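Residue numbering for the sequence shown follows the working numbering, starting at 822 and increasing by one per position. A virtual CB, placed ideally from N, CA and C, is assigned to each residue, including glycine. Keep in mind it's a predicted model, so treat the numbers as computed, not measured.
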Amino acid sequence: MRANLVLALGLLAASCTSSPIRSPFDPERFAFADEELVEFEGGGVVETVPGTWISYPVVATRPFDRALVSWNVDLAPGAGYEVELRVRPDGESWSPWFFLDAYGTVPEETRGARRSESSAGRVDVDEFFAARPERAAQVRFRLHGPARVRRVSLSLRETGERFADAAQPRVLLAPSTAFALAPLVVPALSQFDAAPEIAPRLCTPTSLAMVLRGAGIETDPETVARRTFDPLHDLYGNWPRAIQTAYGFGLEGRAAHLSGLGDLVPWLAGGHPVICSIAFAEGELPGAPIASTDGHLLVVRGFTAAGDVLVADPAAPDASKVLGTYPRAEFERAWLGHGGVALLFGEPVLPEPVKTLPSAPDPGEPGGG
């Protein structure tokens, strides 16, 4: 069975000039299907030395083979930082530190020491893929200049056999309950209203601009794009960079692997639209403004009474066509088949369930299409 574990580490942690810290933590836990979300309030156990922030080791409740790190960091002008991750299987030593990302102004001489691959696994743009089942993880920040690590979120996922064939995604989990939620108001923005030379690449900045505007923060996709741009990979769709960009505008968040659409409900109930990363082949997502995609981000703003997904899709040719509805089973397949990654902003709310929805039929079963 696929499982996810999401943890937030080191809230209100240390600046690069602070002394070593040992502070207690009291985790608050939420469980959504196969996903566990753990928020560590009060700092966790954090070790710092001048210029370095290191989280305490996180021991997962089950083995994992993918890790997604995101962060909220206060950064002074002219400062910068590098983010690294290491992992450890049961009963063995730690892997080398893997380089995840650099932000702000970073000395040229540090770049030669970066490692993105070893026998333990590899980093693919914004996510770590283990070569073996791992059981523990640790995050490190190398700080260059005044910076404060306020939140680090670590999402650990076991993919298992059910994701062995990525070319044949299927609905792994359908939401079993719905909540009495009004659809969220999301300002409609099309990425194709931006400069034509970059517009096809701006689904992430445009989705983020819609979320920011919905939170009362005035900005536009091109302004957001300048902040999210990843020069190492020449792209605008780096998930942790989107989280840090939102934080720079005043909106806290984290990136996480989720198990199904039901896991979005606590954030939607709190009034927070969710950005989801999807992929689909031609004909797999009815009503989509693009025929197919290897990776695309859009905003989920709620559900219909039948459980279909209300979206704000930045790939629409103009703003009048951005708001729409996608069938639940097809959307969930496109989302979970691409990793089930969501960008979550604000804090979740757990409302009382008011009715039960029928499960989405499995395409391989009678009546599944």
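(message) Give me, in chain order, the residues of the same chain whose beta-carbon lies closer than 8 Å to that of S937; leave out the 5 immediate sequence neighbours on both sides.
(response) Here the question's residue 937 lines up with position 116 in the sequence shown. Closer than 8 Å at the Cβ level, and outside the excluded window around S937, lie F919, F920, R943, V944.
(message) So, at 6 Å on beta carbons, what are the nonlocal neighbours of V1170 in its own chain, with the 5 sequence-adjacent residues on each side left out?
(response) Against the sequence shown, residue 1170 aligns to sequence position 349. Leaving aside the five residues that flank V1170 on each side, the residues in its chain whose CB is nearer than 6 Å to its CB run, in chain order, P1087, A1090, G1091.
(message) DSSP three-state label for V1045, please.
(response) Mapped onto the sequence shown, residue 1045 falls at position 224. In the structure shown, V1045 sits in a helix (DSSP, three-state: H, G or I).
(request) Tell me whether F846 sits in a helix, a strand or coil according to DSSP, three-state version. (result) Position 25 of the sequence shown, counted from the first residue, corresponds to residue 846. For F846, the predicted structure reports a pLDDT of 33, less than 50, and the residue's modelled location is therefore unreliable. A value from the coordinates is still provided. Assignment of F846 by DSSP, reduced to helix, strand and coil, places it in the coil class.
(request) With a threshold of 16 other CB atoms inside 10 Å of the CB of E955, please say whether the residue is buried or exposed. (result) The residue you call residue 955 lines up with position 134 of the sequence shown. Buried, by the Cβ-count rule.
(request) Determine the closest residue to G1167 out of R1075, A881, G1161, L1131, with distance taken between C-alpha atoms. (result) What you label residue 1167 is simply residue 346 of the sequence shown in a count that begins at 1. If we check each option's Cα against that of G1167, R1075 comes out closest.
(request) Report the partner residues of I1064 according to the DSSP bridge assignment. (result) For the purposes of this step, residue 1064 is taken as residue 243 along the sequence shown, with counting starting at 1. Answer by DSSP bridge pairing: none, since I1064 is not bridged.
(request) With P954 as the anchor, note down where its beta strand (DSSP E) starts and where it stops. (result) Along the sequence shown, one-based indexing puts residue 954 at 133. Membership of P954 in the beta strand (DSSP E) is indicated by the continuous run 948-965.
(request) List the DSSP bridge partners of L889. (result) Looking up residue 889 in the sequence shown gives position 68. Paired residues: S976.
(request) Take P1061 as the anchor and find which of E905, D1129, H1093 has the nearest alpha-carbon. (result) Working through the sequence shown from its first residue, we reach residue 1061 at position 240. Considering only alpha carbons, the answer is E905.
(request) Determine, using beta carbons only, whether G1161 and G1116 come nearer to each other than 8 Å. (result) For the purposes of this step, residue 1161 is taken as residue 340 along the sequence shown, with counting starting at 1. For the purposes of this step, residue 1116 is taken as residue 295 along the sequence shown, with counting starting at 1. Not closer than 8 Å, so no.
(message) With a threshold of 7 Å on Cβ separation, who are the neighbours of T1066 within its own chain once the five nearest residues in sequence on each side are excluded?
(response) Translated into the one-based positions of the sequence shown, residue 1066 becomes position 245. Around T1066: L1029, V1045, R1048, T1049.
(message) Starting from W874, trace the beta strand (DSSP E) in both directions and tell me its first and last residue.
(response) Here residue 874 refers to the residue found at position 53 when the sequence shown is read from its first residue. Its beta strand (DSSP E) spans residues 873-876.
(message) Relative to the C-alpha of T1101, which candidate in V1143, F950, Y1147, S1080 has its C-alpha closest?
(response) Position 280 of the sequence shown, counting from 1, holds the residue named residue 1101. Just to set this straight, residue 1101 is Phe in the shown sequence, not Thr. Checking every option, the nearest Cα to that of F1101 belongs to Y1147.
(message) For the structure I just gave you, are there three or more beta carbon pairs, one from the stretch 1119-1131 and one from the stretch 1013-1020, closer than 8 Å?
(response) The answer is no - the stretch 1013-1020 does not touch the stretch 1119-1131, with fewer than three Cβ pairs under 8 Å.
(message) At the level of alpha carbons, what is the spacing between A987 and L1157?
(response) Along the sequence shown, one-based indexing puts residue 987 at 166. Along the sequence shown, one-based indexing puts residue 1157 at 336. Residue confidence is low: A987 scores 32 on pLDDT, short of 50, so the model does not pin down where it sits. Its coordinate-derived value is still stated next. C-alpha separation (whole angstroms): 10 Å.
(request) Could you pull out every residue in the same chain whose Cβ sits closer than 8 Å to the Cβ of P1052, ignoring the five residues on either side in sequence? (result) In the sequence shown, the residue the question calls residue 1052 occupies position 231. Shown here for P1052: not one same chain residue has a beta carbon closer than 8 Å to its own, the five before and five after excluded.
(request) Go through its chain and collect everything with a Cβ distance to A1036's Cβ below 6 Å, but skip five positions before and after it. (result) Your numbering for residue 1036 matches position 215 in the sequence shown. Hits under 6 Å: L1072.
(request) Go ahead and label G1104 buried or exposed: buried means 16 or more other beta carbons lie within 10 angstroms of its beta carbon, across all protein chains shown. (result) Translated into the one-based positions of the sequence shown, residue 1104 becomes position 283. It is exposed - the Cβ of G1104 has fewer than 16 other Cβ atoms within 10 Å.
(request) Whole angstroms is fine: what's the gap from F861's alpha carbon to V973's? (result) As a first step, residue 861 must be located in the sequence shown, where it is residue number 40. As a first step, residue 973 must be located in the sequence shown, where it is residue number 152. Because the pLDDT at F861 is just 39, under 50, the model does not fix this residue reliably, and the point stays unresolved.
(message) Please report the straight-line C-alpha distance between S939 and S1113, rounded to a whole angstrom.
(response) Stepping through the sequence shown from its first residue, residue 939 is reached at position 118. Stepping through the sequence shown from its first residue, residue 1113 is reached at position 292. The alpha-carbon atoms of S939 and S1113 are separated by roughly 33 Å.
(request) May I have the straight-line CA-CA distance separating I1099 from L1106, to the nearest angstrom? (result) Here residue 1099 refers to the residue found at position 278 of the sequence shown. Here residue 1106 refers to the residue found at position 285 of the sequence shown. Approximately 10 Å, taken between the alpha carbons.
(message) Which of the three DSSP states is assigned to E1153 in this structure?
(response) The residue you call residue 1153 lines up with position 332 of the sequence shown. In the three-state reduction of the DSSP assignment, E1153 falls in the helix class, which pools H, G and I.
(request) Verify whether the separation of the beta carbon atoms of H1078 and L889 is less than 8 Å. (result) Residue 1078 sits at position 257 when you count from the first residue of the sequence shown. Residue 889 sits at position 68 when you count from the first residue of the sequence shown. Between H1078 and L889, the gap from beta carbon to beta carbon is short of 8 Å.
(request) Could you please give the first and the last residue of the uninterrupted beta strand (DSSP E) stretch that includes G1104? (result) The residue given as residue 1104 occupies position 283 in the sequence shown. Note, G1104: premise wrong, no beta strand (DSSP E); not H, not E.
(message) So if DSSP puts V880 in a beta bridge, which residue, or which two residues, is it bridged to?
(response) Working through the sequence shown from its first residue, we reach residue 880 at position 59. A957, per the DSSP bridge assignment.
(message) Report the start-end ranges of each beta strand (DSSP E) in the stretch 1115-1163 that is 3 residues or longer and not cut off at the edges.
(response) Within the stretch 1115-1163, the complete beta strand (DSSP E) segments of 3 residues or longer fall at 1130-1133, 1144-1147, listed in chain order.
(message) Based on DSSP bridge pairs, tell me the residues matched to C1097.
(response) The count along the sequence shown starts at 1 and reaches residue 1097 at position 276. When beta bridges are read from the DSSP output, C1097 appears opposite L1119, A1163.
(message) Please state whether the Cβ-Cβ distance between L975 and V879 is less than 8 Å.
(response) Position 154 of the sequence shown, counting from 1, holds the residue named residue 975. Position 58 of the sequence shown, counting from 1, holds the residue named residue 879. Their beta carbons are under 8 Å apart, which means L975 touches V879 by this criterion.
(request) Could you check the C-alpha separation between G966 and G872 for me, to the nearest Å? (result) Walking along the sequence shown from the start, residue 966 turns up at place 145. Walking along the sequence shown from the start, residue 872 turns up at place 51. C-alpha separation (whole angstroms): 8 Å.
(request) Could you tell me which of W892, L1056, A1155, Y902 sits nearest to D929, measuring between CA atoms? (result) Start at 1 with the first residue of the sequence shown, and residue 929 comes out as number 108. The displayed chain sequence assigns Glu, not Asp, to residue 929. Looking only at W892, L1056, A1155, Y902, the smallest Cα-Cα distance to E929 is reached by Y902.
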